[in-house]
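Trainee:
Protein chains: 2
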Amino acid sequence: MTVSDLGEHALLARLLARLPRPGAQILVGPGDDAAVIEPGRRTRLVLTTDALVEDVHFSSAWSSPADIGHKALAVNLSDLAAMGAVPRWALVSLAFPPTYPVDAAEALMSGLAGLAAAHGVSVAGGNITRSPGPLVVDVAAGGEVSPRKWLSRSGGKAGDELWLSGAVGGARAGLEMLRDHAAAAMESPGLAACLSRHRRPEARVRLGVALARGSAARAAMDVSDGLADAVRQLAHASGCGARVDAEAVPVEAGARDWWAGRGQDVVSAAVAGGEDYELLLAIPRRWSGRLRHVVQRVTRPALTRIGALTREKELVLVRNGEAHAWPSGFEHFREPQA
Amino acid sequence: MTVSDLGEHALLARLLARLPRPGAQILVGPGDDAAVIEPGRRTRLVLTTDALVEDVHFSSAWSSPADIGHKALAVNLSDLAAMGAVPRWALVSLAFPPTYPVDAAEALMSGLAGLAAAHGVSVAGGNITRSPGPLVVDVAAGGEVSPRKWLSRSGGKAGDELWLSGAVGGARAGLEMLRDHAAAAMESPGLAACLSRHRRPEARVRLGVALARGSAARAAMDVSDGLADAVRQLAHASGCGARVDAEAVPVEAGARDWWAGRGQDVVSAAVAGGEDYELLLAIPRRWSGRLRHVVQRVTRPALTRIGALTREKELVLVRNGEAHAWPSGFEHFREPQA
Chain A
121 MTVSDLGEHA LLARLLARLP RPGAQILVGP GDDAAVIEPG RRTRLVLTTD ALVEDVHFSS
181 AWSSPADIGH KALAVNLSDL AAMGAVPRWA LVSLAFPPTY PVDAAEALMS GLAGLAAAHG
241 VSVAGGNITR SPGPLVVDVA AGGEVSPRKW LSRSGGKAGD ELWLSGAVGG ARAGLEMLRD
301 HAAAAMESPG LAACLSRHRR PEARVRLGVA LARGSAARAA MDVSDGLADA VRQLAHASGC
361 GARVDAEAVP VEAGARDWWA GRGQDVVSAA VAGGEDYELL LAIPRRWSGR LRHVVQRVTR
421 PALTRIGALT REKELVLVRN GEAHAWPSGF EHFREPQA
Chain B
121 MTVSDLGEHA LLARLLARLP RPGAQILVGP GDDAAVIEPG RRTRLVLTTD ALVEDVHFSS
181 AWSSPADIGH KALAVNLSDL AAMGAVPRWA LVSLAFPPTY PVDAAEALMS GLAGLAAAHG
241 VSVAGGNITR SPGPLVVDVA AGGEVSPRKW LSRSGGKAGD ELWLSGAVGG ARAGLEMLRD
301 HAAAAMESPG LAACLSRHRR PEARVRLGVA LARGSAARAA MDVSDGLADA VRQLAHASGC
361 GARVDAEAVP VEAGARDWWA GRGQDVVSAA VAGGEDYELL LAIPRRWSGR LRHVVQRVTR
421 PALTRIGALT REKELVLVRN GEAHAWPSGF EHFREPQA
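Residue numbers (my numbering), protein chains in the order written: chain A, 121 to 458; chain B, 121 to 458.
(1) Just list the beta strand (DSSP E) runs in the segment 140–207 of chain B, keeping only unbroken ones of 3 residues or longer that don't cross its boundaries, in chain order.
(2) Report yes or no: do three or more beta-carbon pairs, one from the segment 182–195 of chain B and one from the segment 308–325 of chain B, lie closer than 8 Å?
(3) Got a sec: is the Cβ-Cβ distance from B/L295 to anything in chain A below 7 Å?
(4) By the 7 Å beta-carbon criterion, what residues does the segment 370–385 of chain B contribute toward chain A?
(5) Using the C-alpha atoms, what's the distance from B/D345 back to A/D199?
(6) Does any residue of chain B have a CB that is nearer than 7 Å to the CB of A/G143?
(7) What are the residues of the segment 136–163 of chain B that lie near chain A, defined by any Cβ-Cβ distance shorter than 8 Å?
(8) With DSSP run on the structure shown, which of helix, strand or coil describes B/M121?
(9) Under the three-state reduction of DSSP, which class applies to B/H301: helix, strand or coil?
(10) What are the partner residues of B/P447, as DSSP defines its beta bridges?
(11) Examine the Cβ distances between the segment 257–269 of chain A and the segment 265–284 of chain B and report whether three or more of them are shorter than 8 Å.
(12) For a cutoff of 7 Å on Cβ pairs, would you count B/W446 as touching chain A?
(13) Does the beta carbon of B/P254 sit closer than 7 Å to a beta carbon anywhere in chain A?
(14) Kindly indicate which three-state DSSP category A/R387 falls into: helix, strand or coil?
(15) DSSP state of A/L331, grouped into three classes?
(16) Is B/M229 close to chain A, meaning its C-beta is less than 7 Å from at least one C-beta of that chain?
(17) Count the other C-beta atoms from every protein chain shown that fall within 10 angstroms of the C-beta of A/H468, then say buried if there are 16 or more, exposed otherwise.
(18) Based on the DSSP secondary-structure assignment, which residues constitute the bridge partners of B/V436?
(19) Starting from B/V415, follow the alpha helix (DSSP H) in both directions and report where the run begins and ends.
(20) Is DSSP giving B/D258 helix, strand or coil here?
(21) With a 10 Å radius around its C-beta and 16 neighbouring C-beta atoms as the bar for buried, classify A/S469 as buried or exposed.
(22) The beta strand (DSSP E) spanning A/L423 covers which residue range?
(23) Checking contacts by CB at 7 Å: is A/L200 closer than that to chain B?
(24) Taking Cβ to Cβ, would you say A/D377 is nearer than 7 Å to A/G310?
(25) DSSP state of A/L271, grouped into three classes?
(26) Return the bridge partner residues of A/E281 from the DSSP annotation.
(27) For B/V288 and B/S242, what's the separation of their Cα atoms in angstroms?
(28) For a cutoff of 7 Å on Cβ pairs, would you count B/V166 as touching chain A?
(29) Compute the beta-carbon to beta-carbon distance between B/L282 and B/L429, rounded to the nearest angstrom, for a pair I have assumed lies under 8 Å.
(30) Taking 7 Å as the CB-CB limit, is A/T169 close to chain B?
(31) Quick check on A/P370: does DSSP put it in helix, strand or coil?
(32) CA-CA distance, B/W446 and B/R326?
(33) Distance, Cα to Cα, A/A443 vs A/G294?
(34) Could you check where the beta strand (DSSP E) with A/R352 kicks off and where it finishes?
(35) Tell me the DSSP bridge mates of B/A210?
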C-alpha cells in the first residue's frame, strides 16, 4: 500500500504510533496546530534545522527507510552537540512521493524514533505532505544549554589548539563503495564500518554536552561537510588562520584501506571527506586540565590534536614538514551528486 | 545566474543579507551550527513546522518568489496564532533546484523577511541544499505564550459556540481562476482579492494572541485545509460533534461571484475550501463579555458565529433548515494536485 492509497490522516496516525511517549516537558504534543513546551528554568534554547533530500543526501537504493529516519535526526543532533546543548525536542517535516510505501514510511519513522528515544528527545510535532519529486525529510531540533555555556564556532583565538573527535573519511569511503557496488570490499569488517558511518551517523552528543558543561572548549563545530571545510569555517568565524598537521589527522581504518588499495591519496580524500559528524574544537593549551576531566568521563570517541589556530589568516596543511595548499571542501551546489 | 553557478556559501551570504537584524532574544543567529535564544521568563514555547512544495502548494507559474517566501512563513504564523502564541523566531530550510535563479532566491527570502519584520519575528537560522525535483521551502517557527494560556484544538465542550474569523473560500476560488487562466475575471477587484488570498495569505496573529490573553476561547485551530476539515478536527479532538449553519458561513465576496457565475454551489465550494488561514474557535456563550472585549481591540477580521459543538458525535451541516451530509475536506495525498 502506498501513502496516497492510505491518505494523509490515516498515515499520520500510523506514524504517530511509532513515536515514544513525549517527555514531561511536552505540554501539547503532536496533533494540535503546534506543540507547547515548558523549557527548563534559566535555560537558553538552541535551535537548528537540516534536511535530507533523496538522491542528494541519500539513495533509497542503499539506505533503508530506517537508516534515512535515523540519519535525518542524527545530523540535527550533531549540530546541537556542536553547540554543547542537551537535545530535547524535534519537529519532523516529511514530503513523500505519492507512491512511497506505507511500510517504508513507518520504518523511516521507527528509525527516527529509535534514535530520539536513545537521546531522550521528544518528537513534539511535524508535518506530512506530498512531493512530486524526491522524498524529503526535514527535521528541526531544539535543545537546552546553560547561560553563557554554549560553544560557538566563532570563539577561537590564535594559539588555540585544534582537536578532532574520532576519525574522518569513513562516510565518504562508505559512499564510494556503495556507488562502485564494491560488494566484496564491503564484506571486510573495517570497510563495513564505513558504510555504517554513511548510513547511520552518530552524533557526538555526550562529548559536546560534557565539553560545554566543563568549559573545556573555546569554539566548536561539527564536521558535516568535510574537515577541510570545518577548519576553514571555524578559523574564519574566529578571525584566525589555521595550521593542520596532515599526518596527525585520524582517518577511519577502513577508509585508509579503501583508498590505499586503490592508489589514492588517503589524507587528501579523508580531509575533503564529508558527513563525518565529528566535532572540531579550539582549546587553549592552558585548559588541558579541563579537557582531561571531560575525557575521563567521555572516553569515546577519542580526541586527537591536529593543529592550531594562527594569527596569520592563511590555512596551511603541513605534510612531511612542508606547507601545502588547502583542500577545497564540500558545497551542496558544486559537488557531483552524492 | 543560477544557484549552482554561485555555490552554497556565496548564496547563503546573499540570502542572509536580506534578513532583518535578529531581535535581542537571539544570542547566536544564523551562521553557527545552531541558533541560541533567550526565552522570556516563565514562558511556554510553541513550536510548529510546515512546508511548501512546488507544484503541490504553489506554482511558480503564478506565484512570484516573494509570494512563496511570504506564504511559507505565513502558514507557520497561522499555526502559532491558532495556539494564541506571540511569534518570535523562525528557521528556514530551503531546497533549490540547481537551475533556480539567484535573483529569485533573493526575492523569495525578501518576501519571507518582509513578513518576519512585520511580525517582529527573527530568522534565527536555517539550511540550504539542492533539490533534484521541486523547490521546497520548509519553515519551523517558534513563539511564546503564558503558562496555561494557550489555545488547543481539544479544549472545546458540547454547547460551545463555533466562531469563524473573516471569510472562507477566497484562496480556493483564486487558485481556480489561476488554473483556468481566467484573466478577465481576475481584473475585477473582488476576484483579485481571491488571488491574494491564495498567493499571500495573512495569519491572524493579533486575533489569536488577543483571544489567548483574554481567555476568550476554549479551543482554536487554523482553517488551513478547509472549514469542513477544521470543524471535523476540532470537534473530534474535543470529543464532540458539531452543527454548522451553512447560511451563516461568511464566504469571500469574490469567491461567491466566481462560483455563482459558473453555476456552482457556493456554500459547498467555500466550506470544502482550503488555504483559508482563518481561525475557528469554540467559545462558551457565557464568555461573550470576554469575546466582546477582544473584538473591541482587534476589529479586523470580523468574527461570525457559524454553529455549535454538540454532545452527539455527528457532524451536521444545516441548509434551509435541513441536515445535510458533511462535506469532505482536503487531504494532501487524496486531492487533485493544487
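We put the beta carbon where it would ideally sit given N, CA and C, even for glycine.
Mentor: Taking the coordinates as given:
(1) 146–148, 155–157 and 164–173, all fully within the segment 140–207 of chain B.
(2) yes
(3) no
(4) none
(5) 34 Å
(6) no
(7) L147, V148, G151, D152, D153, A154, A155, V156, I157, E158, P159 and T163
(8) coil
(9) Looking at B/H301 - three-state DSSP - the assignment turns out to be coil, as it is neither helix nor strand.
(10) Bridge partners of B/P447: none, in fact.
(11) no
(12) no
(13) Chain A, which has a Cβ nearer than 7 Å to the Cβ of B/P254, makes this yes.
(14) It should be noted that the sequence gives Val, not Arg, for residue 387 of chain A. A/V387: helix per DSSP, three-state reduction.
(15) helix
(16) no
(17) Since the first residue shown for chain A is 121 and the last is 458, residue 468 of chain A is missing from the structure and cannot be characterised.
(18) B/R363
(19) In the DSSP assignment, B/V415 falls within the alpha helix (DSSP H) that extends over S408 to R417.
(20) strand
(21) There is no way to answer for residue 469 of chain A, as the model of chain A reaches only from 121 to 458.
(22) That run of the beta strand (DSSP E) goes L423 to T430.
(23) Under the Cβ distance rule, A/L200 counts among the residues neighbouring chain B, one pair being separated by less than 7 Å.
(24) yes
(25) Correct three-state label for A/L271: coil.
(26) DSSP output for A/E281 lists A/I403 and A/A428 as bridge partner(s).
(27) C-alpha separation (whole angstroms): 30 Å.
(28) yes
(29) 7 Å
(30) yes
(31) coil
(32) 31 Å
(33) A straight line joining the alpha-carbon of A/A443 with that of A/G294 spans about 29 Å.
(34) Note, A/R352: premise wrong, no beta strand (DSSP E); alpha helix (DSSP H) at L347 to A357.
(35) B/V243 and B/A261
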